[in-house]
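Numbering (the working numbering), first residue to last: 980 to 1202. Ideal Cβ positions, reconstructed from N, Cα and C, are used throughout, including at glycine.
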(Lines of atoms letter the chains of each structure in order from A and count residues from 1; the text may use other names and numbers.)
(Lines give C-alpha, C1' and ligand atoms only; values in the text may rest on other atoms or scores of the structure.)
Protein backbone atom coordinates (compact mmCIF):
# COMPACT_ATOMS: atom_id res chain seq x y z
CA UNK A 1 0.00 0.00 0.00
CA UNK A 2 1.02 3.61 -0.53
CA UNK A 3 2.66 5.26 2.48
CA UNK A 4 0.74 8.09 4.15
CA UNK A 5 2.28 11.24 2.72
CA UNK A 6 -0.09 13.71 4.42
CA UNK A 7 1.86 16.30 6.43
CA UNK A 8 1.85 15.95 10.19
CA UNK A 9 0.30 18.80 12.15
CA UNK A 10 3.67 19.29 13.80
CA UNK A 11 5.49 19.88 10.49
CA UNK A 12 7.19 23.22 10.24
CA UNK A 13 8.42 23.28 13.82
CA UNK A 14 11.85 24.76 14.24
CA UNK A 15 14.44 23.07 16.42
CA UNK A 16 13.99 25.84 18.98
CA UNK A 17 10.21 25.33 19.14
CA UNK A 18 10.65 21.59 19.48
CA UNK A 19 13.16 22.03 22.31
CA UNK A 20 10.76 24.36 24.13
CA UNK A 21 7.92 21.84 23.92
CA UNK A 22 10.23 19.07 25.12
CA UNK A 23 10.92 21.10 28.27
CA UNK A 24 7.24 21.58 29.10
CA UNK A 25 6.46 20.87 32.74
CA UNK A 26 3.07 20.20 34.40
CA UNK A 27 0.81 23.26 34.48
CA UNK A 28 1.29 23.67 38.23
CA UNK A 29 4.98 24.36 37.57
CA UNK A 30 3.94 27.57 35.80
CA UNK A 31 1.69 28.74 38.66
CA UNK A 32 -1.37 27.78 36.64
CA UNK A 33 -4.43 26.63 38.58
CA UNK A 34 -6.85 24.25 36.86
CA UNK A 35 -9.83 26.32 38.03
CA UNK A 36 -8.57 29.91 37.83
CA UNK A 37 -5.75 29.64 35.28
CA UNK A 38 -3.13 32.37 35.71
CA UNK A 39 -5.23 34.06 38.39
CA UNK A 40 -3.98 32.93 41.82
CA UNK A 41 -6.27 30.37 43.42
CA UNK A 42 -5.85 32.01 46.84
CA UNK A 43 -7.08 35.58 47.27
CA UNK A 44 -4.22 38.11 47.27
CA UNK A 45 -3.47 39.50 50.71
CA UNK A 46 -4.77 43.01 51.32
CA UNK A 47 -2.12 44.28 53.71
CA UNK A 48 1.54 43.78 54.50
CA UNK A 49 2.88 43.18 58.04
CA UNK A 50 2.97 46.07 60.50
CA UNK A 51 6.56 47.01 59.68
CA UNK A 52 5.36 48.06 56.22
CA UNK A 53 2.53 50.28 57.44
CA UNK A 54 4.21 53.39 55.91
CA UNK A 55 3.70 51.85 52.45
CA UNK A 56 0.16 50.74 53.15
CA UNK A 57 -0.78 54.16 54.53
CA UNK A 58 -0.23 55.70 51.10
CA UNK A 59 -2.59 53.37 49.23
CA UNK A 60 -5.97 54.87 50.29
CA UNK A 61 -4.77 58.37 49.34
CA UNK A 62 -3.04 57.54 46.05
CA UNK A 63 -5.53 59.34 43.82
CA UNK A 64 -5.67 62.43 46.05
CA UNK A 65 -1.87 62.57 46.32
CA UNK A 66 -1.49 62.30 42.55
CA UNK A 67 -4.13 64.93 41.80
CA UNK A 68 -2.70 67.37 44.33
CA UNK A 69 0.86 66.62 43.20
CA UNK A 70 1.87 65.65 46.73
CA UNK A 71 2.80 62.05 45.99
CA UNK A 72 6.48 62.74 45.38
CA UNK A 73 6.84 64.57 48.68
CA UNK A 74 5.06 61.73 50.48
CA UNK A 75 7.28 59.06 48.93
CA UNK A 76 10.42 61.11 49.57
CA UNK A 77 9.67 61.04 53.32
CA UNK A 78 9.55 57.24 53.47
CA UNK A 79 12.18 55.43 55.51
CA UNK A 80 14.08 52.63 53.71
CA UNK A 81 12.45 49.22 54.17
CA UNK A 82 13.79 45.83 53.10
CA UNK A 83 11.17 44.01 51.03
CA UNK A 84 13.19 40.79 51.19
CA UNK A 85 12.32 40.43 54.87
CA UNK A 86 8.86 39.48 53.60
CA UNK A 87 8.93 35.72 53.66
CA UNK A 88 5.88 34.54 51.76
CA UNK A 89 5.12 34.67 48.05
CA UNK A 90 1.85 36.51 48.67
CA UNK A 91 3.60 39.19 50.75
CA UNK A 92 6.22 39.75 48.07
CA UNK A 93 3.52 39.97 45.42
CA UNK A 94 1.80 42.66 47.49
CA UNK A 95 5.09 44.52 47.94
CA UNK A 96 5.81 44.41 44.21
CA UNK A 97 2.32 45.75 43.47
CA UNK A 98 2.72 48.68 45.87
CA UNK A 99 6.26 49.54 44.83
CA UNK A 100 5.55 49.47 41.09
CA UNK A 101 2.57 51.77 41.64
CA UNK A 102 4.72 54.09 43.76
CA UNK A 103 7.46 54.17 41.14
CA UNK A 104 5.06 54.84 38.30
CA UNK A 105 3.33 57.51 40.38
CA UNK A 106 6.66 59.15 41.17
CA UNK A 107 7.56 59.42 37.49
CA UNK A 108 4.24 60.86 36.30
CA UNK A 109 2.76 62.67 39.31
CA UNK A 110 4.32 66.05 38.60
CA UNK A 111 4.17 68.74 35.96
CA UNK A 112 7.10 67.00 34.22
CA UNK A 113 8.24 63.34 34.32
CA UNK A 114 10.83 62.56 36.99
CA UNK A 115 13.47 60.23 35.62
CA UNK A 116 15.17 59.39 38.93
CA UNK A 117 13.28 57.32 41.50
CA UNK A 118 14.33 57.75 45.16
CA UNK A 119 16.24 54.84 46.71
CA UNK A 120 13.57 54.19 49.36
CA UNK A 121 11.33 53.11 46.46
CA UNK A 122 13.84 51.96 43.84
CA UNK A 123 15.97 49.68 46.03
CA UNK A 124 13.19 47.52 47.51
CA UNK A 125 11.42 47.54 44.14
CA UNK A 126 14.41 46.11 42.31
CA UNK A 127 15.17 43.57 45.03
CA UNK A 128 11.65 42.13 45.28
CA UNK A 129 11.22 42.19 41.49
CA UNK A 130 14.43 40.20 41.11
CA UNK A 131 13.28 37.74 43.78
CA UNK A 132 10.03 37.19 41.85
CA UNK A 133 11.84 37.13 38.49
CA UNK A 134 9.75 39.98 37.12
CA UNK A 135 10.61 43.44 35.76
CA UNK A 136 10.58 46.36 38.24
CA UNK A 137 7.78 48.17 36.39
CA UNK A 138 3.99 48.29 36.46
CA UNK A 139 2.88 45.19 34.58
CA UNK A 140 -0.07 42.90 34.06
CA UNK A 141 0.88 40.24 36.60
CA UNK A 142 0.79 42.72 39.47
CA UNK A 143 -1.91 45.17 38.40
CA UNK A 144 -4.43 42.58 37.21
CA UNK A 145 -3.61 39.07 38.43
CA UNK A 146 -2.58 39.99 42.00
CA UNK A 147 -4.59 43.17 42.54
CA UNK A 148 -8.14 42.15 43.43
CA UNK A 149 -10.38 41.26 46.32
CA UNK A 150 -13.72 39.54 46.45
CA UNK A 151 -16.68 41.62 47.56
CA UNK A 152 -18.34 38.51 48.99
CA UNK A 153 -15.73 36.11 50.32
CA UNK A 154 -18.24 33.27 50.40
CA UNK A 155 -19.09 33.61 46.69
CA UNK A 156 -16.92 32.45 43.77
CA UNK A 157 -14.53 34.88 42.14
CA UNK A 158 -16.05 36.65 39.14
CA UNK A 159 -16.06 40.08 37.53
CA UNK A 160 -19.24 40.87 39.48
CA UNK A 161 -17.65 39.79 42.75
CA UNK A 162 -14.28 41.54 42.57
CA UNK A 163 -12.72 44.95 42.58
CA UNK A 164 -9.17 46.30 42.53
CA UNK A 165 -7.21 46.71 45.74
CA UNK A 166 -4.82 49.42 44.51
CA UNK A 167 -5.60 52.09 41.93
CA UNK A 168 -3.93 55.22 40.57
CA UNK A 169 -6.75 57.74 40.08
CA UNK A 170 -9.60 55.45 41.10
CA UNK A 171 -13.06 55.30 39.65
CA UNK A 172 -15.22 52.78 37.82
CA UNK A 173 -13.32 52.98 34.53
CA UNK A 174 -9.93 52.12 36.02
CA UNK A 175 -11.44 49.40 38.15
CA UNK A 176 -13.28 47.78 35.25
CA UNK A 177 -10.26 47.98 32.94
CA UNK A 178 -8.37 45.52 35.13
CA UNK A 179 -11.30 43.52 36.53
CA UNK A 180 -12.48 42.95 32.95
CA UNK A 181 -9.07 41.42 32.19
CA UNK A 182 -9.51 39.20 35.24
CA UNK A 183 -12.77 37.96 33.74
CA UNK A 184 -11.01 37.05 30.50
CA UNK A 185 -8.44 35.04 32.46
CA UNK A 186 -11.14 33.15 34.35
CA UNK A 187 -13.10 32.42 31.18
CA UNK A 188 -10.01 31.04 29.46
CA UNK A 189 -8.77 28.98 32.41
CA UNK A 190 -10.56 25.72 31.39
CA UNK A 191 -8.78 25.81 28.03
CA UNK A 192 -5.25 25.96 29.41
CA UNK A 193 -4.95 22.18 29.98
CA UNK A 194 -6.03 21.72 26.34
CA UNK A 195 -3.36 24.15 25.13
CA UNK A 196 -0.75 22.40 27.26
CA UNK A 197 -1.85 18.96 26.04
CA UNK A 198 -1.91 20.13 22.43
CA UNK A 199 1.68 21.27 22.64
CA UNK A 200 2.73 17.89 24.03
CA UNK A 201 0.69 16.00 21.43
CA UNK A 202 2.23 18.03 18.62
CA UNK A 203 5.71 17.15 19.80
CA UNK A 204 4.79 13.47 19.96
CA UNK A 205 3.27 13.51 16.46
CA UNK A 206 -0.05 12.43 17.99
CA UNK A 207 -2.17 14.10 15.36
CA UNK A 208 -5.45 12.55 16.50
CA UNK A 209 -5.11 13.88 20.04
CA UNK A 210 -3.87 17.21 18.75
CA UNK A 211 -6.87 17.56 16.44
CA UNK A 212 -9.27 16.73 19.26
CA UNK A 213 -7.68 19.24 21.60
CA UNK A 214 -7.62 21.99 18.97
CA UNK A 215 -11.31 21.35 18.36
CA UNK A 216 -12.01 21.70 22.08
CA UNK A 217 -10.02 24.93 22.19
CA UNK A 218 -11.95 26.33 19.23
CA UNK A 219 -15.29 25.35 20.80
CA UNK A 220 -14.29 26.85 24.12
CA UNK A 221 -13.35 30.17 22.56
CA UNK A 222 -16.87 30.49 21.17
CA UNK A 223 -18.61 29.40 24.36
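Item	Value
Sub-8 Å separation of residue 1193 and residue 1168 beta-carbons	no
Closest by C-alpha distance to residue 1070, when choosing among 1140, 1121, 1040, 1094	1121
For residue 1122, the first and last residue of its enclosing alpha helix (DSSP H)	No alpha helix (DSSP H) holds residue 1122; DSSP gives it neither H nor E.
Buried or exposed by the 16-neighbour rule on C-beta atoms within 10 Å, applied to residue 1075	buried
Assigned secondary structure, residue 1141 (DSSP; H/G/I helix, E/B strand, else coil)	strand
Residue 1063 to residue 1188 span [Cα, whole Å]	45 Å
Rounded separation between residue 1035 and residue 1077 - CA only	8 Å
Residues near residue 1046 in its chain [Cβ-Cβ closer than 8 Å; skip 5 each side]	1148
Rounded straight-line distance, which links the Cα of residue 1159 to that of residue 1145	15 Å
Meets three-Cβ-pair contact criterion under 8 Å: the region 1128–1144 and the region 1107–1120	no
Start-to-end residues for the alpha helix (DSSP H) that takes in residue 1064	Looking at the DSSP string, residue 1064 is not in any alpha helix (DSSP H), and its letter there is neither H nor E.
Cβ shell of residue 1022 (< 7 Å), same chain only, five flanking positions each side left out	1128, 1129
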